[in-house]
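So for the sequence shown, the working numbering puts the first residue at -10; every next one is plus one. Virtual Cβ for every residue (Gly too), placed ideally from N, Cα, C. Model, not experiment: these values are computed from the prediction. Have a look at the structure below before the remarks.
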Amino acid sequence: ARGALLQRRGSLADHDPVTVTFSLAFGKVTEASPTAADLLRVCAFLEADAIPEEIFAKGAGELGESIGSAMTNPLGLGDAIAEACRYSLLRRDTSTETVSLHRLVQLVLKEEMDDTTRRMWAERAVRAVNAAFPYIEFANWQACSRLVPHVLQLVETINQYDFTFEESARLLGQTGYYLNERAQYAEAEPLMRRVVDIFEKSLGEDHPNVATSLNNLAQLLQATNRLAEAEPLMRRALAIDEASFGKDHPNVAIHLNNLAQLLQDTNRLAEAEPLMRRALAIDEARDRKSTRLNSQ
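The following block contains the structure:
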(Lines of atoms letter the chains of each structure in order from A and count residues from 1; the text may use other names and numbers.)
(Lines give C-alpha, C1' and ligand atoms only; values in the text may rest on other atoms or scores of the structure.)
Protein backbone atom coordinates (compact mmCIF):
# COMPACT_ATOMS: atom_id res chain seq x y z
CA ALA A 1 0.00 0.00 0.00
CA ARG A 2 2.79 2.43 0.86
CA GLY A 3 4.52 1.69 -2.44
CA ALA A 4 1.34 2.60 -4.29
CA LEU A 5 1.14 5.84 -2.35
CA LEU A 6 4.65 6.74 -3.40
CA GLN A 7 3.92 5.97 -7.04
CA ARG A 8 0.82 8.19 -7.02
CA ARG A 9 2.76 11.10 -5.64
CA GLY A 10 5.14 11.14 -8.62
CA SER A 11 8.05 13.50 -9.08
CA LEU A 12 7.57 15.47 -5.86
CA ALA A 13 8.50 12.45 -3.78
CA ASP A 14 11.28 11.38 -6.14
CA HIS A 15 13.26 14.54 -5.40
CA ASP A 16 12.47 15.13 -1.70
CA PRO A 17 13.41 12.52 0.96
CA VAL A 18 11.44 14.43 3.62
CA THR A 19 8.35 14.18 1.46
CA VAL A 20 8.92 10.44 1.10
CA THR A 21 9.13 10.14 4.87
CA PHE A 22 5.88 12.02 5.40
CA SER A 23 4.14 9.96 2.74
CA LEU A 24 5.27 6.69 4.34
CA ALA A 25 4.06 7.96 7.72
CA PHE A 26 0.69 8.87 6.25
CA GLY A 27 0.42 5.37 4.79
CA LYS A 28 1.00 3.90 8.25
CA VAL A 29 -1.60 6.22 9.78
CA THR A 30 -4.11 5.26 7.12
CA GLU A 31 -3.61 1.58 7.92
CA ALA A 32 -3.76 2.13 11.69
CA SER A 33 -6.64 4.62 11.89
CA PRO A 34 -8.82 5.73 8.96
CA THR A 35 -10.27 8.40 11.24
CA ALA A 36 -6.83 9.89 11.91
CA ALA A 37 -6.14 9.85 8.18
CA ASP A 38 -9.37 11.74 7.53
CA LEU A 39 -8.53 14.32 10.20
CA LEU A 40 -5.24 14.92 8.41
CA ARG A 41 -7.05 15.31 5.09
CA VAL A 42 -9.21 18.08 6.60
CA CYS A 43 -6.14 19.78 8.03
CA ALA A 44 -4.56 19.86 4.58
CA PHE A 45 -6.95 22.67 3.60
CA LEU A 46 -6.67 24.79 6.76
CA GLU A 47 -4.03 27.14 8.10
CA ALA A 48 -1.29 24.80 9.33
CA ASP A 49 -0.92 26.30 12.80
CA ALA A 50 -3.38 26.28 15.72
CA ILE A 51 -6.27 24.39 14.14
CA PRO A 52 -9.10 24.47 16.73
CA GLU A 53 -10.37 21.03 17.66
CA GLU A 54 -13.93 22.34 17.64
CA ILE A 55 -13.79 22.21 13.85
CA PHE A 56 -13.75 18.41 14.11
CA ALA A 57 -16.20 18.23 16.98
CA LYS A 58 -18.83 20.68 15.75
CA GLY A 59 -18.24 19.93 12.09
CA ALA A 60 -18.20 16.14 12.47
CA GLY A 61 -21.44 15.74 10.57
CA GLU A 62 -19.79 17.33 7.51
CA LEU A 63 -16.61 15.24 7.57
CA GLY A 64 -17.69 11.80 6.46
CA GLU A 65 -18.68 8.58 8.17
CA SER A 66 -15.37 7.80 9.87
CA ILE A 67 -15.06 11.09 11.74
CA GLY A 68 -18.81 11.26 12.34
CA SER A 69 -18.76 7.84 14.00
CA ALA A 70 -15.67 8.69 16.04
CA MET A 71 -17.38 11.75 17.49
CA THR A 72 -20.04 9.54 19.09
CA ASN A 73 -17.26 8.23 21.36
CA PRO A 74 -16.05 10.78 23.96
CA LEU A 75 -12.48 9.56 23.38
CA GLY A 76 -12.76 9.21 19.61
CA LEU A 77 -11.26 12.56 18.65
CA GLY A 78 -8.42 12.28 21.12
CA ASP A 79 -7.55 8.77 19.96
CA ALA A 80 -7.47 9.83 16.31
CA ILE A 81 -5.28 12.85 17.06
CA ALA A 82 -2.96 10.71 19.17
CA GLU A 83 -2.51 8.28 16.27
CA ALA A 84 -1.53 11.11 13.90
CA CYS A 85 0.82 12.54 16.55
CA ARG A 86 2.45 9.12 17.01
CA TYR A 87 3.79 9.38 13.46
CA SER A 88 4.74 13.07 13.90
CA LEU A 89 2.18 14.28 11.37
CA LEU A 90 0.26 16.34 13.92
CA ARG A 91 1.27 18.26 17.05
CA ARG A 92 -1.34 18.77 19.75
CA ASP A 93 -1.51 21.65 22.23
CA THR A 94 -3.86 20.50 24.96
CA SER A 95 -3.76 23.90 26.69
CA THR A 96 -5.41 25.60 23.69
CA GLU A 97 -7.19 22.51 22.30
CA THR A 98 -5.56 22.98 18.91
CA VAL A 99 -3.47 20.88 16.54
CA SER A 100 -0.79 21.93 14.06
CA LEU A 101 1.11 20.30 11.23
CA HIS A 102 4.02 21.03 8.94
CA ARG A 103 3.12 22.79 5.68
CA LEU A 104 5.02 20.16 3.77
CA VAL A 105 2.70 17.56 5.31
CA GLN A 106 -0.22 19.51 3.86
CA LEU A 107 1.35 19.34 0.41
CA VAL A 108 1.93 15.60 0.75
CA LEU A 109 -1.65 15.03 1.87
CA LYS A 110 -3.02 16.91 -1.14
CA GLU A 111 -0.67 15.06 -3.47
CA GLU A 112 -2.06 11.76 -2.21
CA MET A 113 -5.53 12.74 -3.43
CA ASP A 114 -6.87 12.63 -6.96
CA ASP A 115 -8.77 15.67 -8.24
CA THR A 116 -12.19 14.36 -7.22
CA THR A 117 -11.05 13.44 -3.72
CA ARG A 118 -9.25 16.75 -3.29
CA ARG A 119 -12.40 18.67 -4.17
CA MET A 120 -14.47 16.52 -1.80
CA TRP A 121 -12.20 17.20 1.17
CA ALA A 122 -11.94 20.88 0.29
CA GLU A 123 -15.72 21.13 0.40
CA ARG A 124 -15.89 19.16 3.64
CA ALA A 125 -13.37 21.52 5.23
CA VAL A 126 -15.45 24.56 4.25
CA ARG A 127 -18.64 23.00 5.59
CA ALA A 128 -16.99 21.92 8.85
CA VAL A 129 -15.47 25.33 9.61
CA ASN A 130 -18.83 26.91 8.84
CA ALA A 131 -20.50 24.54 11.32
CA ALA A 132 -17.98 25.59 13.96
CA PHE A 133 -18.22 29.34 13.27
CA PRO A 134 -20.50 30.90 15.92
CA TYR A 135 -23.09 33.64 15.77
CA ILE A 136 -21.45 37.06 15.75
CA GLU A 137 -21.77 38.67 19.16
CA PHE A 138 -19.23 39.97 21.64
CA ALA A 139 -19.41 36.85 23.82
CA ASN A 140 -18.24 34.77 20.83
CA TRP A 141 -15.41 37.01 19.65
CA GLN A 142 -12.66 34.78 21.04
CA ALA A 143 -14.19 31.71 19.38
CA CYS A 144 -14.41 33.64 16.11
CA SER A 145 -10.81 34.82 16.30
CA ARG A 146 -9.59 31.21 16.58
CA LEU A 147 -11.30 30.33 13.32
CA VAL A 148 -10.53 33.42 11.23
CA PRO A 149 -7.05 32.29 10.01
CA HIS A 150 -8.59 29.07 8.75
CA VAL A 151 -11.40 30.87 6.95
CA LEU A 152 -8.86 33.15 5.27
CA GLN A 153 -6.92 30.06 4.19
CA LEU A 154 -10.14 28.57 2.76
CA VAL A 155 -10.90 31.66 0.66
CA GLU A 156 -8.43 30.51 -1.97
CA THR A 157 -10.05 27.06 -1.95
CA ILE A 158 -13.55 28.51 -2.30
CA ASN A 159 -12.38 30.60 -5.25
CA GLN A 160 -10.39 27.77 -6.82
CA TYR A 161 -13.36 25.40 -6.88
CA ASP A 162 -15.94 28.17 -7.30
CA PHE A 163 -17.94 26.90 -4.35
CA THR A 164 -21.32 28.62 -4.37
CA PHE A 165 -23.23 26.49 -1.87
CA GLU A 166 -24.96 28.29 0.99
CA GLU A 167 -22.48 27.25 3.69
CA SER A 168 -19.54 28.81 1.85
CA ALA A 169 -21.37 32.13 1.60
CA ARG A 170 -22.46 31.96 5.22
CA LEU A 171 -18.89 31.27 6.37
CA LEU A 172 -17.41 34.18 4.43
CA GLY A 173 -20.28 36.44 5.45
CA GLN A 174 -19.98 35.68 9.15
CA THR A 175 -16.23 36.13 9.04
CA GLY A 176 -16.51 39.38 7.12
CA TYR A 177 -19.13 40.68 9.57
CA TYR A 178 -16.90 39.76 12.53
CA LEU A 179 -13.87 41.47 10.99
CA ASN A 180 -15.98 44.53 10.23
CA GLU A 181 -17.10 44.65 13.86
CA ARG A 182 -13.42 44.57 14.87
CA ALA A 183 -12.69 47.43 12.42
CA GLN A 184 -10.50 45.14 10.30
CA TYR A 185 -11.99 46.60 7.16
CA ALA A 186 -9.26 45.64 4.69
CA GLU A 187 -9.64 41.97 5.62
CA ALA A 188 -13.46 42.10 5.73
CA GLU A 189 -14.15 43.81 2.41
CA PRO A 190 -13.04 41.09 -0.04
CA LEU A 191 -14.99 38.50 1.94
CA MET A 192 -18.16 40.60 1.82
CA ARG A 193 -17.75 41.20 -1.90
CA ARG A 194 -17.32 37.47 -2.48
CA VAL A 195 -20.54 36.77 -0.56
CA VAL A 196 -22.46 39.11 -2.88
CA ASP A 197 -20.96 37.29 -5.86
CA ILE A 198 -21.83 33.82 -4.52
CA PHE A 199 -25.43 34.73 -3.75
CA GLU A 200 -25.91 36.41 -7.12
CA LYS A 201 -24.60 33.31 -8.90
CA SER A 202 -26.44 30.75 -6.81
CA LEU A 203 -29.72 32.52 -6.00
CA GLY A 204 -30.12 35.25 -8.60
CA GLU A 205 -29.52 38.99 -8.43
CA ASP A 206 -32.89 39.78 -6.82
CA HIS A 207 -32.82 37.33 -3.92
CA PRO A 208 -33.20 38.69 -0.34
CA ASN A 209 -29.84 37.14 0.62
CA VAL A 210 -28.27 39.38 -2.01
CA ALA A 211 -29.95 42.37 -0.35
CA THR A 212 -28.54 41.41 3.04
CA SER A 213 -25.02 40.97 1.68
CA LEU A 214 -25.24 44.26 -0.22
CA ASN A 215 -26.35 46.03 2.94
CA ASN A 216 -23.46 44.57 4.95
CA LEU A 217 -20.96 45.65 2.30
CA ALA A 218 -22.51 49.11 2.17
CA GLN A 219 -22.17 49.43 5.94
CA LEU A 220 -18.44 48.70 5.63
CA LEU A 221 -18.07 51.25 2.83
CA GLN A 222 -19.88 53.82 4.93
CA ALA A 223 -17.60 53.09 7.90
CA THR A 224 -14.58 53.69 5.67
CA ASN A 225 -16.07 56.96 4.37
CA ARG A 226 -16.79 55.71 0.85
CA LEU A 227 -20.33 57.03 0.85
CA ALA A 228 -20.63 57.40 -2.91
CA GLU A 229 -19.91 53.69 -3.30
CA ALA A 230 -22.21 52.70 -0.45
CA GLU A 231 -25.33 54.58 -1.59
CA PRO A 232 -26.18 52.59 -4.74
CA LEU A 233 -25.71 49.33 -2.83
CA MET A 234 -28.13 50.49 -0.15
CA ARG A 235 -30.67 51.58 -2.72
CA ARG A 236 -30.41 48.26 -4.52
CA ALA A 237 -30.83 46.33 -1.26
CA LEU A 238 -33.92 48.39 -0.47
CA ALA A 239 -35.42 47.74 -3.89
CA ILE A 240 -34.82 43.98 -3.63
CA ASP A 241 -36.52 43.68 -0.25
CA GLU A 242 -39.42 45.90 -1.28
CA ALA A 243 -40.02 43.62 -4.25
CA SER A 244 -39.52 40.45 -2.18
CA PHE A 245 -41.45 41.28 1.00
CA GLY A 246 -43.56 44.34 0.26
CA LYS A 247 -43.05 47.98 1.13
CA ASP A 248 -44.13 47.61 4.77
CA HIS A 249 -41.86 44.75 5.81
CA PRO A 250 -39.47 45.18 8.81
CA ASN A 251 -36.49 44.44 6.54
CA VAL A 252 -37.52 47.40 4.41
CA ALA A 253 -37.55 49.60 7.52
CA ILE A 254 -33.96 48.59 8.26
CA HIS A 255 -32.83 49.49 4.75
CA LEU A 256 -34.73 52.78 4.86
CA ASN A 257 -33.08 53.72 8.12
CA ASN A 258 -29.60 52.77 6.86
CA LEU A 259 -30.05 54.81 3.69
CA ALA A 260 -31.36 57.75 5.70
CA GLN A 261 -28.29 57.65 7.93
CA LEU A 262 -26.05 57.75 4.88
CA LEU A 263 -27.99 60.69 3.46
CA GLN A 264 -27.55 62.47 6.78
CA ASP A 265 -23.82 61.87 6.55
CA THR A 266 -23.81 63.58 3.14
CA ASN A 267 -25.90 66.49 4.52
CA ARG A 268 -28.98 65.63 2.43
CA LEU A 269 -31.40 66.05 5.27
CA ALA A 270 -34.43 66.80 3.09
CA GLU A 271 -33.98 63.39 1.42
CA ALA A 272 -33.32 61.59 4.69
CA GLU A 273 -36.38 62.78 6.60
CA PRO A 274 -39.14 61.03 4.60
CA LEU A 275 -37.18 57.77 4.71
CA MET A 276 -36.90 57.98 8.48
CA ARG A 277 -40.60 58.78 8.81
CA ARG A 278 -41.48 55.83 6.64
CA ALA A 279 -39.22 53.49 8.62
CA LEU A 280 -40.80 54.74 11.85
CA ALA A 281 -44.30 54.13 10.49
CA ILE A 282 -43.41 50.54 9.57
CA ASP A 283 -41.98 49.88 13.02
CA GLU A 284 -44.98 51.45 14.78
CA ALA A 285 -47.39 49.35 12.72
CA ARG A 286 -45.45 46.21 13.59
CA ASP A 287 -45.53 47.11 17.30
CA ARG A 288 -49.29 47.71 17.20
CA LYS A 289 -49.83 44.35 15.51
CA SER A 290 -47.66 42.61 18.10
CA THR A 291 -49.60 44.25 20.93
CA ARG A 292 -52.93 43.11 19.49
CA LEU A 293 -51.71 39.53 19.08
CA ASN A 294 -50.38 39.43 22.64
CA SER A 295 -53.64 40.75 24.07
CA GLN A 296 -55.76 38.05 22.40
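With a contact defined as Cβ atoms closer than 8 angstroms, T164 and V140 qualify at about 4 angstroms. Between A242 and R275, the C-beta gap is smaller than 9 angstroms, which places the two residues in contact. The beta carbon of A268 sits closer than 6 angstroms to those of A242, L245, N246, all from its chain and outside the five residues before and after it, given in chain order. Listed in chain order, the non-local C-beta contacts of T255 below 6 angstroms within the same chain comprise L216, local neighbours out to five positions each way being set aside. Under the 8 angstroms Cβ criterion, the stretch 121 to 134 does not count as touching the stretch 16 to 34, having fewer than three qualifying pairs.
Per DSSP, R171 is not a residue of any alpha helix (DSSP H), being assigned neither H nor E. Note on the stretch 53 to 114: whole beta strand (DSSP E) runs with a minimum of 3 residues are 80 to 82, 87 to 89, in chain order.
By the neighbour-count criterion, in which 16 or more other beta carbons inside 10 Å mark a residue as buried, Q208 falls on the buried side. Here A249 is buried, its C-beta having at least 16 other C-beta atoms within 10 Å. Selection N62, G65, A259, F34 evaluated against T106 yields F34 as nearest (Cα-Cα). Judged by pairs of C-beta atoms under 8 angstroms, the stretch 90 to 99 does not touch the stretch 57 to 64, as fewer than three such pairs exist. In the three-state reduction of the DSSP assignment, P123 falls in the coil class, being assigned neither a helical nor a strand state.
Looking at the DSSP output, I44 shares a beta bridge with no other residue. Shown here, L209 sits in a helix according to DSSP, grouped into three states. In its chain, beyond the 5 residues on either side, T87, R135 have a beta carbon closer than 6 angstroms to the beta carbon of P41. With 16 or more neighbouring CB atoms inside 10 Å of its own CB, S22 falls in the buried class. Residues of the same chain with a CB within less than 7 angstroms of the CB of D195, apart from the 5 flanking positions on each side, are I229, A232 in chain order. Taking 9 angstroms as the cut-off, the Cβ atoms of A73 and V18 count as close. Judged by DSSP secondary structure, E51 falls outside any alpha helix (DSSP H); it is assigned neither H nor E.
Ranking L282, E178, V144 by CA distance to the CA of E36 puts V144 first.
Taking C-alpha positions only, P221 is separated from V7 by approximately 54 angstroms. Judged by DSSP in its simplified three-state form, S233 adopts helix. When only Cα atoms are considered, M265 and E51 end up about 44 angstroms apart. Between N214 and E156, the CB-CB gap reaches or exceeds 9 angstroms. Linking G162 to H238 through their CA atoms gives a straight-line distance of about 23 angstroms.
If the five residues before and after M223 are omitted, its C-beta is found closer than 7 angstroms to the C-beta atoms of N204, A207, H244, N247, L248, L251, all from its own chain and listed in chain order. The alpha-carbon of M181 is positioned some 25 angstroms away from that of V31. Beta-carbon to beta-carbon, I147 and V115 are separated by about 6 angstroms, close enough to satisfy the 8 angstroms threshold. A direct Cα-to-Cα measurement between Y174 and F154 gives close to 25 angstroms.
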